[in-house]
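I have placed the structure first, in the form of structure tokens, so that the comments after it can refer back to it.
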Amino acid sequence: MSSMDITNLTKETFARLFAAGKRFDGRGLNDIRDFEITTGVSDKAEGSARIKLGKTEVIVGVKLAPGEPYPDSRDKGNLTVSGDLLPLASPRFEPGPPEFGAIELPRLVDRAIRESKMIDLGKLTMTNGKVWTVFVDIYPLNDDGNLIDAASLGAIVALSEAKVPELNELGNVDHDVKPKKKLPISDEIAPISFSFFKLGDSIVMDPTREEEEACDARVTFGLSKKGKQYLINSCQKAGKEIFTQEEVDKIMDILPKKFDEVNEKLKKFL
Amino acid sequence: MRNRINEAHEAVENEETSSESAQRMVVVPGELIVSGEDFLPGDGARRNGEKIVATRFGLAEVAGRSVKVLAISGAFVPRRNNVVIGRVKDITFNGWLLDVDSAGTGFLSIEESPRFINKNEMDQFLAIGDVIAAKIWGVESKRMDLTLKGKGLGKLEGGFIFRVIPSRVPRIIGREGSMVGLIKEKTGCNITVGQNGWVWIKGNDIDSEIRARKAVEYIADKVFITGLTDKMEDWFQKN
Amino acid sequence: MTKEFKRPDGRKLSELRPIVAKAGVVPNADGSAMFAFGKTIAIAAVYGPRLLHPQHMQDPSTAILRCNYDLLSFSVSDRKKPGPNRRAQEISKVTEWALLPVLDLKEFPNTVIDVQIYIIQADAGTRTAGINAASMALAHAGIPMRDLVCSVAVGKLDKALVADLSKEEEDFEEGEGATDFAVAKVANSDEFTLLQLDGKIEPETVKEVTRLATDVCKEIYEAQKKALKDLVDNEREEKKK
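Chains as they are written, first to last, in our numbering: chain A, 2 to 271; chain B, 2 to 240; chain C, 2 to 242.
Here it is as structure tokens:
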């Protein structure tokens, strides 16, 4: 698969297409590809999910282990989201120290989950002063664009089916006992990530890899809904181009609709 | 009427050679293709005693005494006279370095541009990030020498480029350019197919360009179909 | 051996766990495949030949094979911190040595062929599943190879010679305990490309158990072949409809 850098011609092409509201796969600029999520990716994980968003594929695994609480939150469990842009997933991912995308992706998913309070970390304390650490590990298997949004959906499903392991007398996880207790998460809150990519004056959602490589900037929002209230829990702009006030307003107008649309589809997999 | 073939298209030996009914066998490395002293192993095959076995994954073709295995996957191996589409990576004092999506770097000497280019105008002719269709005139271990002298070669402007698996390129071009000719006819687009898997399409409007790309990708996806031309006539009716 | 040894999952001594083999599972890769022995699942992707950076690592006479094996953090019971550890580095190297003998790399000087192997779920035999997946992925990538490579872990449970040990069997401690012997061979030839052993086993028994490996590798080869051919035949079947 190609690792040829983006050409001037291709950028012009997509600028032209997007300006006309068109895309090669026939989608509208704000249309999100169909996605499918399965669980049970690894029976060693306490929860796991595999998402296919178009040809983008990501697997997410949740594991729990006893740990020390952070000094400034002794009454709460810990959440650690990490991940790696596996060189398997793209000719662009090289073996070696992580490039920025590998660092940014888990951090964005982390903040969306953490700020939305999807996991009730207060319920993850133990009697002996230790707490549960929830590890969420994200691994893209094929990068065809929009890894962040795909990863967030995978993480929500993996967390939703995750169970808390049983401990033995020594306070270690007892791997021989099948866990029964669900991870204390809110049924209501799903912190879904929505990324908006900019090329010229066009804003596009859920790009394929070639579309994403042509874009100059991205802004990602973590969104959740409590009752009827939409809440933005996290936001990060990436890339060297700018977003105007008008563009920000337009995105704010689209977000609630997109949330409802994706949330409906997501519910089928929970 | 003789099919007007763009010289930029490599005259490629078509997979659908002699008889379309000739059964081709999918083989994996090490698998027996035929047995017999008379057979001559070609590309992708070797002799192991009495047996001719495959040395790559692909379609085994036995034509007379010659046995070879056609690639259906795998990297582009550059050969002399191949037309490739590449991206300008860098400008040196005497030419341009190209990324042709292959293990070697392409080099276009200033002498090989289609018209005289002044040494201090080089980036005005071809800047970093620009795309060209070029022909390989020499291959060395790490690099290819390219030329823009020839019909259908040069800087690509307008339209767009995309990639298919290089080994599917012969199908897209078709026997004597018949398949790519068909797509051009049905969509009104100009198309250049690089042997390295990159394809350039330029049409009169976006919708024709999108349609042409879909047609090319449809053909590139299928590994083994006889009667592809009929199938494509059908496809164009429906799309 | 008088009475037939009873394996915990009821398998016969030379019976392999159910095999699942599929090619083309990572669209971006030049070649890819997954291979599973029972609950052990490996996925492999090949990129290349591509130019090798940094330049001083290039070999002007040949392509270099670079294998990277790793366990995903949630593939094992106790979460593994992401990133290759020493065990993974060693397995990466022996995997490279297991695959090299069949590859013809002289055609691609100064390049690298990257093989990435990841274990999604680990239940023993991960390196063998990885080699089987990698072998298919290399073929799928069109790399010139004279044959496929098949790999399996054979061994000894007390005195019984078995094929494809599960994790439970690796931990077996009764009698003479467990001996675990990872083997890889060129599919259609008497050539072993991987030999790695841990346990207690007599030289005469090694002769027997390597023959057992050769025997069961035939089944693995059939699965690999079918997975690759399915990439094409599926479409041929579609055409017939």
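Ideal placement from N, C-alpha and C gives every residue a C-beta, glycine not left out.
From a predicted model like this one, the values you see are computed outputs, not experimental measurements.
Span separating the alpha-carbon of K45/A from that of K168/C: Position 44 of the first sequence holds residue 45/A. Position 167 of the third sequence holds residue 168/C. Taking the straight line joining both Cα atoms gives about 13 angstroms.
Under 8 angstroms between C-beta atoms of A104/B and R128/C: Position 103 of the second sequence, counted from the start, is the residue given in the question as residue 104/B. Position 127 of the third sequence, counted from the start, is the residue given in the question as residue 128/C. R128/C is positioned such that its CB atom lies no closer than 8 angstroms to that of A104/B.
Residue range of the unbroken alpha helix (DSSP H) whose run includes L148/A: By 1-based counting over the first sequence, the position of residue 148/A is 147. Run containing L148/A: 148-161, per the alpha helix (DSSP H) assignment.
For the beta strand (DSSP E) that contains M137/C, what are its first and last residues? One-based indexing of the third sequence puts residue 137/C at position 136. From DSSP, M137/C is part of no beta strand (DSSP E) but of the alpha helix (DSSP H) over 127-141.
Report all residues from its chain with a CB closer than 7 angstroms to the CB of T14/A; omit the five preceding and five following residues, and keep chain order. Within the first sequence, numbered from 1, the residue matching residue 14/A stands at position 13. Sequence-distant Cβ neighbours of T14/A in its own chain, meaning closer than 7 angstroms and more than five residues away, do not exist here.
Interface residues of chain A facing D60/C [CB-CB closer than 7 angstroms]: Looking up residue 60/C in the third sequence gives position 59. Within chain A, no C-beta atom comes nearer than 7 angstroms to that of D60/C; the closest sits roughly 18 angstroms away.
Three or more C-beta pairs closer than 8 angstroms, one from the stretch 229-241 of chain A and one from the stretch 180-199 of chain B: is that the case here? Flag = no, the stretch 229-241 of chain A and the stretch 180-199 of chain B do not touch.
Quick check on this structure: which residue in A50/A, G68/A, P107/A has the alpha carbon closest to the alpha carbon of I149/A? As a first step, residue 149/A is located in the first sequence; it is residue number 148 there, counting from the start. For the residues A50/A, G68/A, P107/A, the minimum Cα distance to I149/A belongs to P107/A.
Since Q196/B sits in a beta bridge, which residues does DSSP pair it with? Counting from one through the second sequence, the residue named residue 196/B turns up at place 195. According to DSSP, which records beta bridges pairwise, Q196/B is partnered with nothing at all.
Taking CB distances under 8 angstroms as the criterion, tell me whether T14/A reaches chain B. Looking up residue 14/A in the first sequence gives position 13. Interface flag for T14/A against chain B is set, since a Cβ pair is found closer than 8 angstroms.
Distance cutoff 8 angstroms, beta carbons only. Does A1/C sit that close to anything in chain A? No information on residue 1/C is available, as it lies outside the stretch 2 to 242 that chain C covers here.
With DSSP as the reference, label S168/B as helix, strand or coil. Residue numbering aside, residue 168/B sits at position 167 when the second sequence is read from its first letter. In the three-state DSSP reduction, S168/B falls in the helix class (H, G or I).
Helix, strand or coil for M253/A? Go by DSSP, reduced to three states. Stepping through the first sequence from its first residue, residue 253/A is reached at position 252. Secondary structure at M253/A: helix, using DSSP grouped into helix, strand and coil.
What in chain A is Cβ-close to R247/B, meaning under 7 angstroms? Beyond the ends of chain B as shown, which are 2 and 240, falls residue 247/B; an answer cannot be given.
If you draw a straight line from the alpha carbon of H1/C to that of T93/B, how long is it in whole angstroms? No answer is possible for residue 1/C: it lies beyond the span of chain C, which begins at 2 and ends at 242.
Euclidean distance between Cα positions of H141/C and G32/C: Translated into the one-based positions of the third sequence, residue 141/C becomes position 140. Translated into the one-based positions of the third sequence, residue 32/C becomes position 31. As the crow flies, the alpha-carbon of H141/C is around 5 angstroms from that of G32/C.
Taking only beta-carbon positions, decide if A34/C is within less than 8 angstroms of chain B. As a position in the third sequence, residue 34/C is number 33, starting the count at 1. With respect to chain B, the C-beta atom of A34/C has no partner C-beta closer than 8 angstroms.
Whose Cβ in chain B lies nearer than 7 angstroms to the Cβ of A21/A? Taking the first residue of the first sequence as 1, we reach residue 21/A at position 20. The contacting residues are I207.
Can you give me, in chain order, the residues of the stretch 85-116 of chain B that have a beta carbon less than 9 angstroms from any beta carbon in chain A? Those residues of the stretch 85-116 of chain B that come within reach of chain A (Cβ to Cβ, closer than 9 angstroms) are G87, R88, V89, K90, D100, V101, D102.
Evaluate E8/B with the Cβ neighbour count: other Cβ atoms within 10 Å of its Cβ, from every protein chain shown; 16 or more gives buried, anything less gives exposed. Working through the second sequence from its first residue, we reach residue 8/B at position 7. Model confidence at E8/B stands at a pLDDT of 31, short of 50, so the residue's coordinates are unreliable; what they give is reported in the following sentence. By the neighbour-count criterion, in which 16 or more other beta carbons inside 10 Å mark a residue as buried, E8/B falls on the exposed side.
N-terminal and C-terminal residue of the alpha helix (DSSP H) that A242/B is part of: The structure shown does not extend to residue 242/B, since chain B is modelled only from 2 through 240, so no value can be given for it.
Per the contact definition of three or more C-beta pairs closer than 8 angstroms, is the stretch 254-267 of chain A in contact with the stretch 214-229 of chain A? In this structure the stretch 214-229 of chain A touches the stretch 254-267 of chain A; the number of beta carbon pairs closer than 8 angstroms is three or more.
Taking the alpha carbon of V103/C as the reference point, which residue from R57/B, A72/B, A128/B has its own alpha carbon closest? The sequence position of residue 103/C within the third sequence is 102, counting from 1. Closest option to V103/C, Cα to Cα, is R57/B.
Specify the secondary structure class of R17/A as computed by DSSP and reduced to three states. Position 16 of the first sequence, counting from 1, holds the residue named residue 17/A. R17/A: helix per DSSP, three-state reduction.
Contacts around W97/B, its chain only, beta-carbon distance under 6 angstroms, and the 5 residues preceding and following it disregarded: Counting from 1 along the second sequence, the entry for residue 97/B is found at position 96. Non-local beta-carbon contacts of W97/B in its own chain, meaning distances under 6 angstroms to residues more than five positions away in sequence, involve V89, L109, L127 in chain order.
Three-state secondary structure (DSSP) of M35/C: For the purposes of this step, residue 35/C is taken as the residue at position 34 of the third sequence. Under the three-state reduction of DSSP output, M35/C falls in the strand class.
Chain B contacts from the stretch 139-151 of chain C (Cβ-Cβ distance under 9 angstroms): Those would be L139, A140, H141, A142, G143, I144, P145, M146, R147, D148, L149, in chain order.
Can you give me the C-alpha to C-alpha distance between D6/A and S91/A, rounded to a whole angstrom? For this step, residue 6/A is matched to residue 5 along the first sequence. For this step, residue 91/A is matched to residue 90 along the first sequence. Answer to the nearest angstrom: the Cα atoms are 13 angstroms apart.
At a CB distance below 8 angstroms, what residues from the stretch 24-55 of chain B approach chain C? Give them in sequence order. Of all residues in the stretch 24-55 of chain B, V27, V29, P30, G31, E32, G45, R47, V54 have a Cβ within less than 8 angstroms of some Cβ in chain C.
With a Cβ-Cβ cutoff of 8 angstroms, do I204/A and F195/A count as a contact? Mapped onto the first sequence, residue 204/A falls at position 203. Mapped onto the first sequence, residue 195/A falls at position 194. Taking 8 angstroms as the Cβ cut-off, I204/A and F195/A do not qualify as a contacting pair.
For the pair the stretch 173-182 of chain A and the stretch 58-68 of chain C, tell me if three or more CB-CB distances fall below 8 angstroms. No, the stretch 173-182 of chain A is not in contact with the stretch 58-68 of chain C.
So the beta strand (DSSP E) D105/C belongs to, where does it begin and stop? Residue 105/C sits at position 104 when you count from the first residue of the third sequence. Taken as a continuous stretch (DSSP letters only), D105/C belongs to no beta strand (DSSP E), as it is neither H nor E.
Output yes or no for whether 8 angstroms exceeds the beta carbon distance between L162/C and V210/C. In the third sequence, counting from the first residue as 1, residue 162/C sits at position 161. In the third sequence, counting from the first residue as 1, residue 210/C sits at position 209. For the pair L162/C and V210/C, the CB atoms are nearer than the 8 angstroms cut-off.
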